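Colleague: Attaching a single structure in structure tokens format; questions to follow.
Number of protein chains: 6
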Amino acid sequence: MRFDEAYSGNVFILSKPDYKTADAVLYGMPMDWTVSFRPGSRFGPARIREASLGLEEYSPYMDKHLEEVNYFDAGDIPLPFGNPQRSLDMIEEYVSTLLADNKFPLGMGGEHLVTWPVFKALKQKYDDYVVIHIDAHADLREQYEGEVLSHSTPIRKVCDLIGAENVYSFGIRSGMREEFEFAKTSGMHMYKFDVAEPLKEVLPTLKGRNVYVTIDIDVLDPSAAPGTGTAEAGGITSKELLEAIQLIAKADINVIGADLVEVAPVYDHSEQTPIAASKFLREILLGWVK
Amino acid sequence: MRFDEAYSGNVFILSKPDYKTADAVLYGMPMDWTVSFRPGSRFGPARIREASLGLEEYSPYMDKHLEEVNYFDAGDIPLPFGNPQRSLDMIEEYVSTLLADNKFPLGMGGEHLVTWPVFKALKQKYDDYVVIHIDAHADLREQYEGEVLSHSTPIRKVCDLIGAENVYSFGIRSGMREEFEFAKTSGMHMYKFDVAEPLKEVLPTLKGRNVYVTIDIDVLDPSAAPGTGTAEAGGITSKELLEAIQLIAKADINVIGADLVEVAPVYDHSEQTPIAASKFLREILLGWVK
Amino acid sequence: MRFDEAYSGNVFILSKPDYKTADAVLYGMPMDWTVSFRPGSRFGPARIREASLGLEEYSPYMDKHLEEVNYFDAGDIPLPFGNPQRSLDMIEEYVSTLLADNKFPLGMGGEHLVTWPVFKALKQKYDDYVVIHIDAHADLREQYEGEVLSHSTPIRKVCDLIGAENVYSFGIRSGMREEFEFAKTSGMHMYKFDVAEPLKEVLPTLKGRNVYVTIDIDVLDPSAAPGTGTAEAGGITSKELLEAIQLIAKADINVIGADLVEVAPVYDHSEQTPIAASKFLREILLGWVK
Amino acid sequence: MRFDEAYSGNVFILSKPDYKTADAVLYGMPMDWTVSFRPGSRFGPARIREASLGLEEYSPYMDKHLEEVNYFDAGDIPLPFGNPQRSLDMIEEYVSTLLADNKFPLGMGGEHLVTWPVFKALKQKYDDYVVIHIDAHADLREQYEGEVLSHSTPIRKVCDLIGAENVYSFGIRSGMREEFEFAKTSGMHMYKFDVAEPLKEVLPTLKGRNVYVTIDIDVLDPSAAPGTGTAEAGGITSKELLEAIQLIAKADINVIGADLVEVAPVYDHSEQTPIAASKFLREILLGWVK
Amino acid sequence: MRFDEAYSGNVFILSKPDYKTADAVLYGMPMDWTVSFRPGSRFGPARIREASLGLEEYSPYMDKHLEEVNYFDAGDIPLPFGNPQRSLDMIEEYVSTLLADNKFPLGMGGEHLVTWPVFKALKQKYDDYVVIHIDAHADLREQYEGEVLSHSTPIRKVCDLIGAENVYSFGIRSGMREEFEFAKTSGMHMYKFDVAEPLKEVLPTLKGRNVYVTIDIDVLDPSAAPGTGTAEAGGITSKELLEAIQLIAKADINVIGADLVEVAPVYDHSEQTPIAASKFLREILLGWVK
Amino acid sequence: MRFDEAYSGNVFILSKPDYKTADAVLYGMPMDWTVSFRPGSRFGPARIREASLGLEEYSPYMDKHLEEVNYFDAGDIPLPFGNPQRSLDMIEEYVSTLLADNKFPLGMGGEHLVTWPVFKALKQKYDDYVVIHIDAHADLREQYEGEVLSHSTPIRKVCDLIGAENVYSFGIRSGMREEFEFAKTSGMHMYKFDVAEPLKEVLPTLKGRNVYVTIDIDVLDPSAAPGTGTAEAGGITSKELLEAIQLIAKADINVIGADLVEVAPVYDHSEQTPIAASKFLREILLGWVK
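Okay, here's the thing in structure tokens:
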């Protein structure tokens, strides 16, 4: 460290300084304006970065070191407060650039609606891709109290975009009756309550395909992730989520990008949610970026 | 919503407006004056109602919607601070009215002593009933530091009232030696540490009987329910408690009432305890009220 | 209290049950989607109501009892998450109804932008009125990072609506240079840092006029109101704000409505902000509603 | 420190080990079972002791060192949970012993009702004494929701016991209309809102008399004492309370005992309330014990 | 309780008053000055003692009562702030005295470095002993950012002291690559991720040997122990740690001492970490002291 | 913002990117290993930077905009945990470089001991300078429990270094008797309890002299700065500290550097302490850097 260089303080641990040569780009989407219950996920990316400083750089799960991955932390996209449409447009534009530059996009939310423009950008590049969706909530609403742009709608939208048969949801334990009926009749694949066990069945069927993975931190039990807007009792442990990340890493698929959303630090004074989230991101960087 | 109608703000989600036609009545017992360690459960019912607003109205566990159950939220009984005897008398009188009106009583505590007058009111109506008690603590003391009215005594009292052989405790992991000895010698049924597995054995033996269920939120591990007065490490997960609620719902028994007690919100800034409690109450409404 | 009546739980203390005969109507505007820093004021109204239960009903400041004022708590307007325009339209429509029914509107925010539609509704009824604005922030921006609908703009908008000379700001200690320049050149009246002393000068000059008062809780020092989105060190004490409320109560003016905004409970675990806010509202009800 | 001696850990800083030779005795009254709003003051004494370890032993206000005062920390009286009458009897008996042994009693609450048995014990020893009462609340109720033993009644009771003309209240800013009327008509002396200024007037009139001082921590503004059950906006600063303690120390009166009540640590995560309380107790020990 | 005896307030529940006759001595090591991430464990021992007051004295796991064990709580060693070397010397000296007096040393940290001087003291007494190390972190560094005295080094040091083959680590899920390589090549025994299952294999191989057990509370998942400096997602439940303590209690080995370290209360407002820690210590006292 | 540039995330708001041309350099000293009570100030600088993002860039106090000042945020000096001596050496070396490069050093603590090496570095450059010390604590100890390097000693050390007559302390309300005696006899200037009023007297006497200002955030009352290690009731308001900063800005002196220390964010969940600290730093940048 030289103190006459510009300080690049709060970046994800061991982030490399050069965008051009990076294989993966970590970026924040600090948006929480359509959430229906408790806001605050706009501060998620900043606190995940801060918590990453307490991480070991080596993973005994992957037997790999962060030095072995070339990733660049691009900071947070400066989204306009209270304007969902413009925010989504900015995200889509940014991720499109990343994809054009052949970067692995690794997003940090923000509310889950931020994944919708990512889905659209991916569709421009990939004719065919699959979504693995790990979440407590089905997120299959057509609208939420009249709003089409809502944190409860992104998975429904992606079903329309890429075909419901290409969407796989895991760990779901909350939603409207209509969402669960849509899950049954639309051809999409929904696995309730559990994540690791059904993944073991599904992953072999996706052999060789392009897969985008979106993780809502609230798939964890609130005991392991109290810092989220819509906590839902009865979730999985962080052990199981770590196992799921490893299963995906070892699968014979082509992971084309990922995100981790809905970390809302203000509800978690012990900071266990950003601490856990930063560990999941480390594992994703080590296991999914190739 | 019409704004020229009286506001009925903080009621449990989807509560129906009419007592007369309701099948179940939800009521709060905001009493915490005999607790031996950390008080605060008097605010439990209000925060559970508030948290219920973040719930989905449909349950994928029960495949049922709250619209299908006719329940009325009667608010909190206005108990006199610091007067256990008068508080218990008021609860007994109120629950007796509910039972006379053929309502399913669903109580929210408050400390566990509030269940004692409910037991007494039930005894007036039912010659024969069984108690399922889900708790970290045996609550089998005869008195606590000289006080007969104590949050540690209700299960002992109900053993005397309905016969120890009709009392089934699950998940117990704390108590005095005398309480565990009483459990062994009195004829009551105590299952230590676990809830769902022993329930699977017990429920078939209760076929056709009247069953009242009292749940102390501290049966959960403190990780899942930090907001309680006497947290006790080594408890069950919310997944297991949700399973237990389902097992009871599917059993061939006649559930005649229930309560959920000891939610003390002040110790839980992430609000996971009232959030979980409101979900358990939704499942109870959907599964146990017939 | 009768328990077979519908529970009207979390209403402001001593709220009367009948809209028709009420002189004042208390209503919540749970919107926080345009805030630039820390969201959470959507839960302000609910927690203010809850805190009001700890209030005495009599005020030694006003020597008056809440029984002497006929007010109705209408609950929260169900604003659509993340849609500022529709939210503002709903507020304007609701307040227009209140004004048509000759009610004194007493609003609880939510972010400060909620006052803008109130200003518009007032303009329909009153040709001429004055705004007293008590706040840490000038709120005189024309837009905020490109957004015209922002929590930083309502006072600028009302200057255009009713004439800058009819707008009086007190306690201002934060803003852009442009806002302070606008304050100097536009003809509006801005009093920096203090509230009670300049009010003593201004109030006599408003004799007989219609006055709407909007209070942003962040005019208080963060020590007295930590639960707010944009805390700003160097503010006034609650003693001074109580004095200001009394000065307005005693002034020879016609208060036509008021609001108190920006209470964000999640940042204040001791609940002193909603506790203080409920006391200010009690004083406003006792002193300003005639 | 020798490690083979019994550990006397959490005692007030510099407490002397011998009761017999002590001039003053510090004791806790961990009772909160009659409070009407937020309980938790039972943990006040323990946290005040803990916070005292961060104190300097020398006071620049008094220019005196704790070594110069001989006081003994007797610990907490083991009061029975939920039984107000027995609790008050135990306090009265204990304080009577202290007075018989010619100790200066310095109590730590606990709710304010604990002062009532102290008043009774004092009456046995002193024919004539005066009460200085520093508080946000009048505490002049005859009963509270039907309960004669309530944290809102002790000052009314002492008016009956020693004559209203011997009771002086300072800083009062909350109460029922009836309490303020009683204050006006009964002959007692009530000074609203302020403490230090009216004390300067009153103290000379008490020359040579026996004076007991009871301080409710909620006389402070909630900004300075968030950790209390019934916080009341608009209070005094800790600077003013420190000044009041000094004024009493310098007055030509005979202080015969004192207490500090209503510290409820759970509402104050920064611990500023017990930290401030421990400083006030240091000043009382240094200035009032002679 | 007699109130004219010196108050020995905040001691571990049921601690006996006499060092001489005690079989075990509980002592605190309030040091946190070399931690790399979040400090605060210096307050661990005090809060564990405080939390122990909420414990039952009887254990249904061990079927044993604390009265049956003769232990003395010696308080905290007064370690000099910011001076690691002198702190470690004081600990070594104190524990040497305990061992010379044939006491079972039961330490409470403090950061994990405090175990290093205990290891040295044990080596003076026992030619041959084994270490069971239960922790999330390998603690096998030779130095940490240049500092040889660091909380990340004690297990490496004890490998040098007693031979790597005598060191058994359980539950490890974090460390540098070098630490895991050392674990593989040095002859020590490291069991990753799990504790109870590998203990079942290892304990029989230690038959008859002297065993010291050091537990870092962060072996628990952060959901069960948020109050620790370096929380690490993916840990075990408190149920599993309780099982591990029982396995050791029942094993045919000679437990010669133990410690529990890294409880940092400030990160855990619900106090579940000190509450759990006090329960683990109760079980250790009941099961390991013979 | 271009997202293919390296992210310089968490820097103080509007920090300029170039060290060479900067007039002032902001740097963090994240050290808290010698504190005697509550640690945590190591995280102060990071949270102050984060809080600065909520600041306005324009000050109505100074009528000046941050764009008008050329400052560079150099980040935190990477101090070795638990090694006071090496930490102080690194600080001294770094500040010496800043002074050699003619930068205005603006430090953020960290505990107060970090100012000692700054004093030494200044002495190398300036034959003659004056210290203005604004603090609750005298910090005049020769050692603290045997440690010469302690957060309680820096002002004593600087008295020896530059002559006691050149040291001015303001706001002091805590210390040992010996410290206050040293203050009286040594020739230094100590003003107890207040800051702004005595500054008005002192500043004219310093006309034309070089002045370094060190501010300990705990000079504020704990109500305004709960997030600090050694909170001390009876302090000044943030209004008064803002006034003090303005008085120094307007004085006819040559400010040669400054620091603000002892912000410990973990004790302040509402974040009012880092929010206030960032505002004080903004005012210092605008008013003192010339």
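Chains as they are written, first to last, in numbering that gives the first Met the number 0: chain D, 0 to 289; chain W, 0 to 289; chain C, 0 to 289; chain X, 0 to 289; chain A, 0 to 289; chain S, 0 to 289.
Don't be surprised by glycine CBs; every beta carbon is placed ideally from N, CA and C.
The structure presented is a predicted model; accordingly, all values stated were derived computationally and were not measured.
(1) Helix, strand or coil for ALA137(A), going by three-state DSSP, please let me know.
(2) Out of GLN271(D), ASN253(D) and GLN84(D), point me to the one whose CA is closest to ASP217(D)'s CA.
(3) In the DSSP assignment, what residue or residues form a beta bridge with PRO104(X)?
(4) In chain order, what residues of the same chain lie with their CB nearer than 8 Å to the CB of PRO221(C), ignoring the 5 residues before and after it?
(5) Do the region 236–243 of chain X and the region 269–288 of chain C meet, that is, are 3 or more Cβ pairs less than 8 Å apart?
(6) Applying the criterion that 16 or more other CB atoms from any shown protein chain within 10 Å of the CB defines a buried residue, is ALA99(X) buried or exposed?
(7) Taking 9 Å as the CB-CB cut-off, is GLU49(A) touching chain F?
(8) Would you mind telling me which residues of chain W sit closer than 7 Å to GLY53(A), beta carbon to beta carbon, in chain order?
(9) Any contact of the region 25–42 of chain X with the region 104–113 of chain X, i.e. 3+ C-beta pairs under 8 Å?
(10) Straight-line CA distance for PHE80(X) to VAL34(W)?
(11) Could you run through the region 267–284 of chain A and flag, in chain order, every residue whose CB is less than 8 Å away from some CB of chain W?
(12) Is the separation between the beta-carbon of VAL130(D) and that of TYR93(D) shorter than 9 Å?
(13) Leaving out five residues on either side along the sequence, give the residues of the same chain with a beta carbon under 7 Å from the beta carbon of CYS158(W).
(14) With a cut-off of 9 Å, does the C-beta of ASP220(D) fall near any C-beta of chain W?
(15) Check each residue of the region 162–195 of chain X: if its Cβ is closer than 9 Å to any Cβ of chain C, include it; give the result in chain order.
(16) Do ILE12(X) and LEU65(X) have their beta-carbon atoms positioned less than 9 Å apart in this structure?
(17) Please list the terminal residues of the continuous alpha helix (DSSP H) segment that includes TYR93(D).
(18) Using a Cβ-Cβ cut-off of less than 7 Å, give me the residues of the region 82–105 of chain C that come near chain D, in sequence order.
(19) Give me the chain C residues within the contact set of PRO77(S), using Cβ-Cβ distance strictly less than 8 Å, ordered along the chain.
(20) Can you tell me which of SER95(W), LYS124(W), PRO116(W) and PRO16(W) puts its alpha carbon nearest to the alpha carbon of GLY74(W)?
(21) Name the chain S residues that come within less than 8 Å of ALA223(X), Cβ to Cβ?
(22) Which stretch, first to last residue, makes up the alpha helix (DSSP H) that contains SER51(S)?
(23) Ends of the alpha helix (DSSP H) at LEU13(W)?
(24) Note down the Cα distance separating LEU280(C) from GLY170(X), rounded to an integer number of angstroms.
(25) Under 8 Å, with one C-beta from each stretch per pair, do the region 115–130 of chain X and the region 145–160 of chain X reach the 3-pair mark?
(26) Can you tell me whether TYR315(W) is helix, strand or coil according to DSSP?
(27) What's the C-alpha gap between TYR18(D) and LEU105(D)?
(28) If we define contact as Cβ-Cβ less than 9 Å, is MET0(D) a contact residue for chain W?
(29) Drop a sphere of 10 angstroms on the beta-carbon of LYS206(W), count the other beta-carbons inside from all chains shown, and report buried for 16 or more, exposed for fewer.
(30) Report the option in ASN82(C), LYS119(C), PRO77(C) and GLU67(C) whose CA atom is closest to the CA atom of GLU91(C).
(31) Can you pull the chain S residues whose beta carbon is under 9 Å from the beta carbon of GLU146(A), in chain order?
(32) Could you check whether ALA21(A) and LYS291(A) sit closer than 9 Å to each other, using their CB atoms as the reference points?
(33) Which residues of chain X have a Cβ atom closer than 8 Å to the Cβ of GLY226(S), listed in chain order?
(34) Are there 16 or more other CB atoms within 10 angstroms of the CB of VAL147(A), so buried, or fewer, so exposed?
(35) Measuring alpha carbon to alpha carbon, tell me which of LYS156(A), ALA248(A) and PHE179(A) ends up nearest ALA195(A).
(36) Report the CB separation of TYR128(A) from VAL210(A) in whole angstroms; it is logged as a contact under 8 Å.
Modeller: Taking the structure as given:
(1) coil
(2) GLN271(D)
(3) VAL24(X)
(4) THR227, ALA230, GLU231, ALA232 and GLY234
(5) no
(6) exposed
(7) The chain inventory of the structure shown lacks chain F, comprising the protein chains D, W, C, X, A and S.
(8) PHE36 and THR229
(9) yes
(10) 6 Å
(11) HIS268, SER269, GLU270, GLN271, ILE274, ALA275, LYS278 and PHE279
(12) no
(13) VAL166, SER185 and MET187
(14) yes
(15) ILE171, ARG172, SER173, GLY174, MET175, ARG176, GLU177, GLU178, PHE179, LYS191 and PHE192
(16) yes
(17) 83–99
(18) ASN82 and PRO83
(19) The contacting residues do not exist; PRO77(S) stays about 30 Å from chain C at best.
(20) PRO16(W)
(21) ASP220, PRO221, SER222 and ALA232
(22) 43–51
(23) Where LEU13(W) is concerned, there is no enclosing alpha helix (DSSP H), given that its DSSP letter is neither H nor E.
(24) 22 Å
(25) yes
(26) With chain W covering 0 to 289 only, the question about residue 315(W) has no answer from this structure.
(27) 14 Å
(28) Low per-residue confidence applies at MET0(D): pLDDT is 39, beneath 50, and the placement is therefore not dependable, though the value from the model is reported in the following sentence. Not closer than 9 Å to any Cβ of chain W, the Cβ of MET0(D) fails to qualify, so no.
(29) exposed
(30) LYS119(C)
(31) PRO79, PHE80, GLY81, ASN82 and ARG85
(32) Chain A is shown only over 0 to 289; residue 291(A) falls outside these bounds and no answer can be derived.
(33) SER269
(34) exposed
(35) ALA248(A)
(36) 7 Å
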